[in-house]
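Chains as they are written, first to last, in our numbering: chain A, 589 to 1041; chain B, 875 to 1316.
Idealized CB from N, CA, C, for every residue including glycine.
Predicted model only: the values in this text are computed from it and were never measured.
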Amino acid sequence: MEDYFSFTKELFDPSKTKEKPEVFKGIRVLDLSHVILGPIAARLLAQYGAEVIKIELPFYGDLWRFGVYWGKFWKHSSVCFHFVQYNKYFLSVDLKLPKGKELIYKLAENADVVVENFAAGTAEAWGVGYSQLSKINPKIIYLSCATYGQYGPLRFFPGWDLLAQAASGVISLTGYPGTDKYYKLPDYVGDYLPGNVGALSLVMALYHRKKTGKGQYIDLAQSEALMRTLPNFTYFSITNEELERVGNTDPTMAPSGIFKSHDGKFVALAVATEEQFKALSSAMGRKELAAKYKDGFERLKPENAKELYKIAQEWVSQKDSAEIVNLAKEHGFPVAEVMDDFQIANDEWRRERGSVVVFNDDMYREFVLPGPSAMLSKTPGRTKWLSRPLGYHNRYVLKRLFGLSEEEIKKLEKEKVIGYWDDRPGIKPPVYYDMEKDPVFNYQGDGGGKAHE
Amino acid sequence: MSKGKEKEKVLVRYGIAKREREKFLANMISPEGKPEALDGIVALDVSYANFSGIIAATLLAEFGAEVIKIEPPEGDPSRKITPYGVNVNGVGIPFLMEARNKRYLTLDVRTEDGRRDFRKLVAKADVLIEAFPAGQMDSWEIGYRQLSQTNPGLVYIAITPYGQYTDRAKEFRNLPDSDITSQAASGLAANMGDPKTSPEPYSWPLKAGMWLGWYISGLEAALGGAIALVYKEATGEGQMIDVASADAYASLVGYPVIIGYTWEEARPRIGRHDFTLYPYGFWESKDGIVAIAAPRDHDFRALLKILKLWKIEDDWRFTFDRVPDILEQIEVLYGLIEAETIKYTSSELEMMALKYSLKAARSKWRGGGVPIIMKVQKPSDAMKNPHWNIRKAFQEFDDKTFGKFTIPANFVKMSDSPPRVKWISCDIGKDNDYIHKKYLTD
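And the structure:
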């Protein structure tokens, strides 16, 4: 029989992704959301083929267009924004104006999904909430995302990823014992993880609708999504004790930690099972340890875990990290070197796998970004284009979807119902790019802009 | 109609709409009596010593799938992965917490007899989740390429550190998975911890105090599985899904990849600060740590006003004045804010911010900014918060075997097909008879 890894190489071959079908082709998403929490849920659908129309306020745009690390823009754009917004259509409509609202209602008629993450109740107050849009389109699936959800006394309390981390208890968990220093989880993971939960609920709702024909309303509280991932509540309810912070170890595994190797690298090592503990003991040449700690529960007791931590720390400090990795492969216990941003972006394994994608964009040229978190052999997720300047798809969407004429569009422009960028980086095109020649931006309604089909 | 009357009419209508919405939302909080999205879907979880697999299976079970946890007679070693060895009747806390709506079958896929029954089960299944070394199931002839022959609709989810294809996957196939190694390999640990000028070990990479690696992998496996089920519903075709936990964090948040590429170097560790937003972190108050978020310029101005710090506004006016790229500089601002926050209790600070925000929201132009201050909650504080109580975010159980305990549940509210926890149970082999009768007799 063919070697397993040749079979899987063929099965998942990233170079074939383009030829494979997209699950959500034909699904239209009206994306009213901003920053990360809502947009990432909509983007996950776009990654698998949905047509996501992102609505932004003319001349201002999504706040996250200016969300750049250390103030550094890239080709007049935010790389963070690209990652959250790729494959979307950028329509800039002022939904507070009656004509703007009319456009949104028209879009809602044929949309399958709506996503918003304003403060609770805001979308309703603006006339684009579930109660209003579901009257136009009863089959619509409508996802509202907020830090505390749409219901309950805290619903009007404003939020950010930081507040979700603070409210759920997450912030109190990371750091060293006996210090007063806390660390928030970086990179707005308090938005990304709940946003992915939002996407999961949307996919479930789409599945449900496929079978029953029914749309529905979804109330996602990002703090609740974070709380779902913590064993601390259950631990507290059983022991009446809080799980205190433990720095760089994992109290569910012993030994476990991030250690410094002989060659000065940081190596994470953990033992989750009795089998793995035997493997580590024999790799260390300390088989007597395996005999001493046969039972997993016994091994995890604080005094024993402490002893094993010291033994592991000592062992790692005497070996080069490559040696430890080899022993782990050979014997079978979890080990990984700590990888930093540069290593990850340039990692051969990730590039070969398609977890890191070198993408050639029509406007921004080469960009390197992550591939899908899960690789699907038949309907893989993909990147088709990066984010675009504010209002880039105005013509494309309005002509193609509603058959508006050039005159009608000019009139909407004049009335400031639709709009574009000004001279600020974040919303304008890169300096080298000639917008006049762009077939999508100047869409004529004659099938131009094929790149987007 | 006069202007006043018209306004009144709008207000009345809006008031009614608001009440209706409140009622609608209140009804959504409880999932009881509503249909389940994955009703009729059968999912097998044969994952071994890997919580990503268990978590993925639980999420499907919460959305209504019939999930069968398949274990060897001695049980999945995951049962014993628990903080400090704390367990109830031999079941660890994480395993108990994830034991939602599942069936438990003893079946040893390592034996030929076990595999015979396993194949019969797979013939009736929609989803399979496994976490063995890559190629292990295939060598037992129960891998994707064999099972998809007899059940072309099968959605086969495999979770490992380095995936099912590429040379690395092959080379590292026998390396087991864990949460901390996932955090380290996927770019989380490198970006937490204090700046390199700090003493060791505080300047080292730091692990998150939760299973972020395993929960991300589990969630992405479930999401991939759900997407594949939509495709199956349309075409009847299944597929294989490959999740690599060594990539969990990097592919979820993206930053390690896109920053590593555009900056052509790794970010330094910057401790309690944020790379983009400021103020956006925590400060000391009279009685504990408060989280403060006031990053937009108008939020920042509002924060200065309530902390009586207006005199420094000129120096730190714009977002880009407050970008923490020079740490010494941002520590100055940190100190200026802390000198004020320390004068108040956390609830005083919370009230000051709230009052200001309410006033700003009522103002005609709403330009007043929204400074947010909140006491950092411990999990036990969160459990006592009436807001989560009203939203039924926690579910209590009083069980014959496990006694009283609480789990976080009901994590997303859906008006028509919400997830839910129907029962918690996990005795080894507890549903053997049920499963044999339902799936293995014929």
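Using beta carbons (cut-off 9 Å, strictly below), is residue i in contact with chain B?
i: PHE854 of chain A; result: yes
i: ALA871 of chain A; result: no
i: GLY803 of chain A; result: yes
i: GLY835 of chain A; result: yes
i: LYS1038 of chain A; result: Caution is warranted here: a pLDDT of 47 is assigned to LYS1038 of chain A, below 50, making its placement in the model unreliable, and no coordinate value can be reported.
i: HIS796 of chain A; result: yes
Nearest-angstrom Cα distance between residue i and residue j?
i: PRO968 of chain B; j: LYS866 of chain A; result: 23 Å
i: GLY1014 of chain A; j: PHE647 of chain A; result: 11 Å
i: TYR1313 of chain B; j: ILE944 of chain B; result: 14 Å
i: VAL904 of chain A; j: TYR805 of chain A; result: 52 Å
i: GLY966 of chain B; j: LEU918 of chain B; result: 21 Å
i: GLY873 of chain A; j: PRO839 of chain A; result: 24 Å
i: GLU1041 of chain A; j: SER952 of chain B; result: Residue placement at GLU1041 of chain A is poorly supported in this model, since its pLDDT is 45, which falls under 50; the coordinates still yield a value, given next. Answer to the nearest angstrom: the Cα atoms are 46 Å apart.
i: VAL941 of chain B; j: VAL1029 of chain B; result: 14 Å
i: ASP1171 of chain B; j: ILE928 of chain B; result: 44 Å
i: PRO848 of chain A; j: ALA910 of chain A; result: Reading off the sequence, residue 848 of chain A comes out as Lys, not Pro. Each residue's Cα considered, the two are about 12 Å apart.
i: TRP714 of chain A; j: PHE1285 of chain B; result: 27 Å
i: LEU632 of chain A; j: PHE671 of chain A; result: 11 Å
i: LEU599 of chain A; j: HIS981 of chain A; result: 35 Å
i: LYS907 of chain A; j: LYS853 of chain A; result: 10 Å
i: VAL623 of chain A; j: TYR736 of chain A; result: 17 Å
i: LEU1177 of chain B; j: ILE1216 of chain B; result: 15 Å
i: ILE1101 of chain B; j: PRO602 of chain A; result: 18 Å
i: ASP949 of chain A; j: LYS994 of chain B; result: 48 Å
i: GLY1036 of chain A; j: ASP650 of chain A; result: Because GLY1036 of chain A carries a pLDDT of 49, less than 50, the predicted location of this residue cannot be relied on, and the following value inherits that uncertainty. Those two C-alpha atoms are separated by around 27 Å.
i: PHE898 of chain B; j: MET841 of chain A; result: 45 Å
i: ALA708 of chain A; j: LEU781 of chain A; result: 20 Å
i: ALA931 of chain B; j: SER1254 of chain B; result: 27 Å
Please confirm whether residue i and residue j have their CB atoms less than 9 Å apart.
i: ASN916 of chain A; j: VAL923 of chain A; result: Sequence inspection shows Ala at residue 916 of chain A; the Asn mentioned does not correspond to that position. Yes, Cβ-Cβ distance for ALA916 of chain A and VAL923 of chain A is below 9 Å.
i: ILE1003 of chain B; j: ILE1031 of chain B; result: yes
i: GLU704 of chain A; j: SER666 of chain A; result: no
i: MET1084 of chain B; j: SER825 of chain A; result: no
i: VAL1131 of chain B; j: LEU691 of chain A; result: no
i: LEU788 of chain A; j: LEU933 of chain B; result: yes
i: ARG941 of chain A; j: TYR1018 of chain B; result: no
i: LYS694 of chain A; j: ALA630 of chain A; result: no
i: ALA878 of chain A; j: PHE921 of chain A; result: no
i: SER961 of chain A; j: VAL1117 of chain B; result: yes
i: SER904 of chain B; j: LYS1182 of chain B; result: no
i: TRP1088 of chain B; j: SER1056 of chain B; result: yes
i: LEU978 of chain A; j: TRP1009 of chain A; result: yes
i: VAL916 of chain B; j: ASP1000 of chain B; result: yes
Applying the criterion that 16 or more other CB atoms from any shown protein chain within 10 Å of the CB defines a buried residue, is residue i buried or exposed?
i: TYR1020 of chain A; result: exposed
i: ASN828 of chain A; result: exposed
i: HIS664 of chain A; result: buried
i: TRP1297 of chain B; result: exposed
i: VAL946 of chain A; result: exposed
i: ALA900 of chain B; result: exposed
i: ARG893 of chain B; result: exposed
i: LEU1021 of chain B; result: buried
For residue i, decide whether its Cβ has a neighbour in chain A, counting only Cβ atoms nearer than 9 Å.
i: ILE1216 of chain B; result: no
i: ILE1125 of chain B; result: Reading off the sequence shown, one finds Ser at residue 1125 of chain B, where the question assumed Ile. With 9 Å as the cut-off, SER1125 of chain B counts as an interface residue toward chain A.
i: SER1221 of chain B; result: no
i: HIS1261 of chain B; result: yes
i: MET1084 of chain B; result: yes
i: ALA1063 of chain B; result: yes
i: THR1034 of chain B; result: no
i: GLN1251 of chain B; result: yes
i: GLN1023 of chain B; result: no
i: ALA1095 of chain B; result: yes
i: MET1288 of chain B; result: yes
i: LYS1278 of chain B; result: yes
Quick check: does the Cβ of residue i come within less than 8 Å of any heavy atom belonging to the ligand PLP?
i: GLY740 of chain A; result: The ligand PLP is absent from the structure shown, which contains no ligands of any kind.
Any alpha helix (DSSP H) of 4 or more consecutive residues that is wholly inside the segment 1158-1233 of chain B
For the segment 1158-1233 of chain B, whole alpha helix (DSSP H) runs of length 4 or above, ordered along the chain, are 1171-1180 and 1201-1215.
If we require 3 or more residues per run, which beta strand (DSSP E) segments fall completely within the segment 931-1015 of chain B?
For the segment 931-1015 of chain B, whole beta strand (DSSP E) runs of length 3 or above, ordered along the chain, are 940-945, 976-980 and 1001-1004.
Can you list the alpha helix (DSSP H) stretches of 4 or more residues lying completely in the segment 654-683 of chain A, in chain order?
List check, alpha helix (DSSP H) in window: 667-673.
Which runs of the alpha helix (DSSP H), 4 residues or longer, sit entirely within the segment 862-944 of chain A?
Whole alpha helix (DSSP H) segments, 4+ residues: 862-871, 875-880, 884-888, 890-905, 909-919, 929-933 and 936-941.
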